[in-house]
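Just below is one structure, and these are the notes that go with it.
Protein chains: 2
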Amino acid sequence: MKRSDRLIGMTNYFINHPRKQIKLSYFMEKYEASKSSISEDLDIVNRMFEHEGIGRLNRLSGAHGGTEYIPHFDLDTSKTFLHQVCKQLEDPQRILPGGYVYMSDLLGNPEFVREVGKAFVTAFANQEIDAVVTVETKGIPIAYAIGQLLNVPVVIIRRNLKVTEGSSVSINYVSGRSQRIQTMVLPKRHLKQGMNVCIVDDFMQAGGTITGMISLLEEFEAKVVAIGVLAEVADEENRVIDDYTSLIRLKNVRMGAQTLSAQLGSFDD
Amino acid sequence: MKRSDRLIGMTNYFINHPRKQIKLSYFMEKYEASKSSISEDLDIVNRMFEHEGIGRLNRLSGAHGGTEYIPHFDLDTSKTFLHQVCKQLEDPQRILPGGYVYMSDLLGNPEFVREVGKAFVTAFANQEIDAVVTVETKGIPIAYAIGQLLNVPVVIIRRNLKVTEGSSVSINYVSGRSQRIQTMVLPKRHLKQGMNVCIVDDFMQAGGTITGMISLLEEFEAKVVAIGVLAEVADEENRVIDDYTSLIRLKNVRMGAQTLSAQLGSFDD
Chain R
142 MKRSDRLIGM TNYFINHPRK QIKLSYFMEK YEASKSSISE DLDIVNRMFE HEGIGRLNRL
202 SGAHGGTEYI PHFDLDTSKT FLHQVCKQLE DPQRILPGGY VYMSDLLGNP EFVREVGKAF
262 VTAFANQEID AVVTVETKGI PIAYAIGQLL NVPVVIIRRN LKVTEGSSVS INYVSGRSQR
322 IQTMVLPKRH LKQGMNVCIV DDFMQAGGTI TGMISLLEEF EAKVVAIGVL AEVADEENRV
382 IDDYTSLIRL KNVRMGAQTL SAQLGSFDD
Chain U
142 MKRSDRLIGM TNYFINHPRK QIKLSYFMEK YEASKSSISE DLDIVNRMFE HEGIGRLNRL
202 SGAHGGTEYI PHFDLDTSKT FLHQVCKQLE DPQRILPGGY VYMSDLLGNP EFVREVGKAF
262 VTAFANQEID AVVTVETKGI PIAYAIGQLL NVPVVIIRRN LKVTEGSSVS INYVSGRSQR
322 IQTMVLPKRH LKQGMNVCIV DDFMQAGGTI TGMISLLEEF EAKVVAIGVL AEVADEENRV
382 IDDYTSLIRL KNVRMGAQTL SAQLGSFDD
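Residue numbers (this note's numbering), protein chains in the order written: chain R, 142 to 410; chain U, 142 to 410.
Structure below.
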């Protein structure tokens, strides 16, 4: 098999298995190639991944060594993408009665979701993350996009107790906007004790839902090392959390609004 | 830029943009290469994708022509993966009180979810699918894995009316197992009229939930061209749907069971 063929096969492998260590011997056997040939291939792949702005290969030497693809995406590409999203969000037809913003069409687009995941993975590059946590429903695809790139599990907090999940921990909390008491449930089996987690959600107003998630995660002795929201309401006076990453800030999202404006979020600060 | 570099960049592009047509001129400009060079690159990529069992490049000639990556995965690889899943599912610790099977750890693993998506995309290869539909919550990651590979939107049916979604169509239906009346809601904006859809879910007993989804989709004049479930209960006597693809069949899933057995589903019939 030629080098050109191997490079295609290896690129496919790395793109589909980010943050997974693979030994040189795997490629040597698969492509019937020498260690030095595979090693040169990895140099070429690494150089091109960096050139394309999609990350790099991390090569660990020694008996337990291997190579893993560390995704890290070009910031300007993410910004260009998010500027386009801002324009789409400013369409007045997205304003729903009650001062909500319609985003489900975007969240239903797998390519959009993947780009959002890439932006978060780059923003969280300096954190050690063992699991991605979200609460049903709309943040779920974002959580999987991140989980896939970080090669870590996704944990979904439910709104009600489910018979199909076994014993669970539940909390009540007061939601920021409606001031109603709401429930969150996390089955005990879903998350080991003492994990480093990142919390993600699609939308944040005052942050009551995220505060609820943090409280529930305390029951699992989890350490929240990163919080990411796709869109936050910018002019919110009663914010209850302060250390988070938003990709987009929405202004003038309120009851009776006729227009709204969208700009890059704390991601770009 | 050398051919070896271009092949890495092009492989990355195709893997991340399945079923999206791209013109030769895009790669010619990006890599400052001639039409004949890019054309030869595409031949090499196509041959290697087929060799690796991940699909092929579809090249359309003419002024509006372009190249798209059609994912189609090796059936034996999917079978090997699903046999491993069956073994995992047969662990008696997965049996929950009430005769349910714990699968959330698997569904929380992004690599597992991607493999499930690959199996379904291969099973649905002969269908024209415009959108993937599921009902919250556990089928959502599978729906996105399929939507990403087919490059079509994902539509999530909700269990309750949401203020953040605008006007909606809702139906009531009788669930197969509990015989209770349940509700499903789909916002009007989520799905255009007259689409070809595939329905997916994580688990099917009698099929009441899927029958409910079909009824709701009739309100959108959607044509259900494929139905896929990750796991079905094999020895179910009151099945209400018959034309579907299951990846895994579970036997002896019932109240008070101490063991269960799992085997490949209709996917392998």
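No residue lacks a Cβ here, since even glycine has one placed at the ideal position from N, Cα and C. Being a predicted model, the structure only gives us computed values, none of them experimental.
Going along the chain, which residues of its own chain have a beta-carbon closer than 7 Å to the beta-carbon of E191 of chain R, five neighbours each way excluded? As a working mapping, residue 191 of chain R is identified with position 50 in the first sequence. Counting only Cβ-Cβ distances below 7 Å, and skipping sequence neighbours, we find R197.
Just to confirm, is the Cβ distance from Q346 of chain U to V315 of chain U under 8 Å? Translated into positions along the second sequence, residue 346 of chain U becomes position 205. Translated into positions along the second sequence, residue 315 of chain U becomes position 174. No, these two residues do not count as a Cβ contact at 8 Å.
Can you give me the Cβ contacts of A272 of chain R inside the same chain, cut-off strictly under 6 Å, excluding the 5 residues immediately before and after it? For the purposes of this step, residue 272 of chain R is taken as the residue at position 131 of the first sequence. These residues qualify, in order along the chain: V293, P294, V296, M336, V338.
Name the chain R residues that come within less than 7 Å of Q296 of chain U, Cβ to Cβ? Your numbering for residue 296 of chain U matches position 155 in the second sequence. Checking the displayed sequence, the identity of residue 296 of chain U turns out to be Val instead of Gln. Within 7 Å Cβ-Cβ: G249.
I'd like to know whether the C-beta atoms of I281 of chain R and V326 of chain R end up nearer to each other than 8 Å. Here residue 281 of chain R corresponds to residue number 140 of the first sequence, with the count starting at 1. Here residue 326 of chain R corresponds to residue number 185 of the first sequence, with the count starting at 1. Contact flag unset, no.
Below 8 Å on the Cβ atoms is my guess for L391 of chain R versus V242 of chain R; work out the distance and round it to an integer in Å. Residue 391 of chain R sits at position 250 when you count from the first residue of the first sequence. Residue 242 of chain R sits at position 101 when you count from the first residue of the first sequence. At roughly 6 Å, the Cβ-Cβ gap stays under 8 Å, so L391 of chain R and V242 of chain R are in contact.
When burial is assigned at 16 or more other CB atoms within 10 Å of the CB, is D184 of chain U buried or exposed? One-based indexing of the second sequence puts residue 184 of chain U at position 43. That one is exposed.
CA-CA distance, S308 of chain R and L401 of chain U? Here residue 308 of chain R is taken as the residue at index 167 of the first sequence, counted from 1. Here residue 401 of chain U is taken as the residue at index 260 of the second sequence, counted from 1. Near 20 Å, if we compare the C-alpha coordinates of L401 of chain U and S308 of chain R.
Would S145 of chain U be called buried (16 or more neighbouring beta carbons within 10 Å of its own) or exposed? Here residue 145 of chain U refers to the residue found at position 4 when the second sequence is read from its first residue. With 16 or more other Cβ atoms within 10 Å, it is buried.
Taking 8 Å as the CB-CB cut-off, is G196 of chain R touching chain U? Position 55 of the first sequence holds residue 196 of chain R. No, G196 of chain R lies away from the interface with chain U (no Cβ there is under 8 Å from its Cβ).
So which residues of chain R does G307 of chain U contact, with C-beta pairs closer than 7 Å? Counting from 1 along the second sequence, the entry for residue 307 of chain U is found at position 166. Those within 7 Å of G307 of chain U in chain R are L237, Y243.
Could you tell me the distance, in whole angstroms, from the CA atom of S219 of chain R to the CA atom of A372 of chain R? Position 78 of the first sequence, counted from the start, is the residue given in the question as residue 219 of chain R. Position 231 of the first sequence, counted from the start, is the residue given in the question as residue 372 of chain R. The straight-line gap from Cα to Cα measures roughly 15 Å.
Can you tell which of R:F168, R:A174, R:R160 has the C-alpha that lies nearest to the C-alpha of H213 of chain R? Working through the first sequence from its first residue, we reach residue 213 of chain R at position 72. Measuring from the Cα of H213 of chain R, the nearest candidate turns out to be R:R160.
With respect to the beta strand (DSSP E) encompassing T208 of chain U, which residues constitute its N-terminal and C-terminal limits? For the purposes of this step, residue 208 of chain U is taken as residue 67 along the second sequence, with counting starting at 1. Here the beta strand (DSSP E) through T208 of chain U covers 207 to 212.
Based on Cα-Cα distance, which residue from R:A403, R:A204, R:I287 lies nearest to D232 of chain R? By 1-based counting over the first sequence, the position of residue 232 of chain R is 91. Nearest C-alpha to D232 of chain R: R:A403.
At least 3 beta-carbon pairs within less than 8 Å: the segment 248 to 255 of chain U vs the segment 264 to 271 of chain U: no
Looking at the unbroken alpha helix (DSSP H) that takes in S166 of chain U, where does it start and where does it end? Your numbering for residue 166 of chain U matches position 25 in the second sequence. Element bounds for S166 of chain U: 165 to 172.
Measuring CA to CA, which of R:V226, R:K164, R:R188, R:D215 is closest to E209 of chain R? As a working mapping, residue 209 of chain R is identified with position 68 in the first sequence. Of the candidates R:V226, R:K164, R:R188, R:D215, the one whose C-alpha sits nearest the C-alpha of E209 of chain R is R:K164.
Based on the DSSP secondary-structure assignment, which residues constitute the bridge partners of K364 of chain R? Your numbering for residue 364 of chain R matches position 223 in the first sequence. BP columns for K364 of chain R point to R:N337.
Applying the 10 Å Cβ sphere with the 16-neighbour rule, what's the burial state of I322 of chain R? If you number the first sequence from 1, residue 322 of chain R lands on position 181. Looking at its Cβ environment, which holds fewer than 16 other Cβ atoms inside 10 Å, I322 of chain R is exposed.
Can you tell me which of R:A284, R:S166, R:L237 puts its alpha carbon nearest to the alpha carbon of H205 of chain R? Position 64 of the first sequence, counting from 1, holds the residue named residue 205 of chain R. Nearest of R:A284, R:S166, R:L237 to H205 of chain R, Cα basis: R:S166.
Any idea if D343 of chain R is buried or exposed, counting beta-carbon neighbours within 10 angstroms, 16 or more meaning buried? Position 202 of the first sequence, counted from the first residue, corresponds to residue 343 of chain R. Buried, by the Cβ-count rule.
For K228 of chain R, does the count of other Cβ atoms within 10 angstroms reach 16, so buried, or fall short, so exposed? As a working mapping, residue 228 of chain R is identified with position 87 in the first sequence. With fewer than 16 Cβ atoms within 10 Å of its Cβ, K228 of chain R is classed as exposed.
Measure the beta-carbon distance from Y352 of chain R to I382 of chain R and round it to whole angstroms, keeping in mind my assumption that it falls under 8 Å. For the purposes of this step, residue 352 of chain R is identified with residue 211 of the first sequence, where counting begins at 1. For the purposes of this step, residue 382 of chain R is identified with residue 241 of the first sequence, where counting begins at 1. It is worth fixing the name first, because residue 352 of chain R is Thr in this sequence and not Tyr. Between I382 of chain R and T352 of chain R the Cβ distance is about 6 Å, and since that is below 8 Å, they are a contact.
Answer yes or no: does any C-beta atom of chain R fall closer than 8 Å to that of E378 of chain U? Position 237 of the second sequence, counted from the start, is the residue given in the question as residue 378 of chain U. Closer than 8 Å: no.
Member of R:L237, R:M189, R:R147, R:L201 whose CA lies at the smallest distance from the CA of E193 of chain U: Stepping through the second sequence from its first residue, residue 193 of chain U is reached at position 52. The option with the nearest alpha carbon to E193 of chain U is R:R147.
Between T275 of chain R and V341 of chain R, how many whole angstroms is the CB-CB distance? I'm expecting something under 8 Å. Taking the first sequence and counting its residues from 1, the one referred to as residue 275 of chain R is at position 134. Taking the first sequence and counting its residues from 1, the one referred to as residue 341 of chain R is at position 200. Confirmed, about 5 Å.
Are there 16 or more other CB atoms within 10 angstroms of the CB of P238 of chain R, so buried, or fewer, so exposed? Locating residue 238 of chain R in the first sequence gives position 97, counting from the first residue. P238 of chain R comes out exposed.
Per DSSP, the bridge partner or partners of G369 of chain R: Locating residue 369 of chain R in the first sequence gives position 228, counting from the first residue. DSSP, once it has assigned bridges, lists R:V341, R:T386 as partnering G369 of chain R.
Pop quiz: L357 of chain R and V304 of chain R are said to be a contact at Cβ under 8 Å. What is the actual Cβ separation, rounded to whole angstroms? Within the first sequence, numbered from 1, the residue matching residue 357 of chain R stands at position 216. Within the first sequence, numbered from 1, the residue matching residue 304 of chain R stands at position 163. L357 of chain R to V304 of chain R, Cβ: 20 Å. No contact.
Where P233 of chain R meets chain U, residues with beta-carbon distance less than 8 Å: Position 92 of the first sequence, counted from the start, is the residue given in the question as residue 233 of chain R. The premise fails here: P233 of chain R is roughly 13 Å from chain U at the closest Cβ pair, so nothing lies under 8 Å.
Would you verify that the beta carbon of S145 of chain U is, or is not, closer than 8 Å to some beta carbon of chain R? Start at 1 with the first residue of the second sequence, and residue 145 of chain U comes out as number 4. Chain R, which has a Cβ nearer than 8 Å to the Cβ of S145 of chain U, makes this yes.
Based on the DSSP output, what are the partners of R200 of chain R in its beta bridges? In the first sequence, counting from the first residue as 1, residue 200 of chain R sits at position 59. Answer is R:T208.
If the cut is a Cβ gap below 8 Å, which residues of chain U does P212 of chain R touch? Locating residue 212 of chain R in the first sequence gives position 71, counting from the first residue. Here the premise fails: no neighbours, minimum Cβ distance about 11 Å.
DSSP state of T324 of chain U mapped onto helix, strand, coil: By 1-based counting over the second sequence, the position of residue 324 of chain U is 183. Here T324 of chain U sits in strand by DSSP.
State the DSSP-derived secondary structure class of L148 of chain U, mapped to helix, strand or coil. Start at 1 with the first residue of the second sequence, and residue 148 of chain U comes out as number 7. In the structure shown, L148 of chain U sits in a helix (DSSP, three-state: H, G or I).
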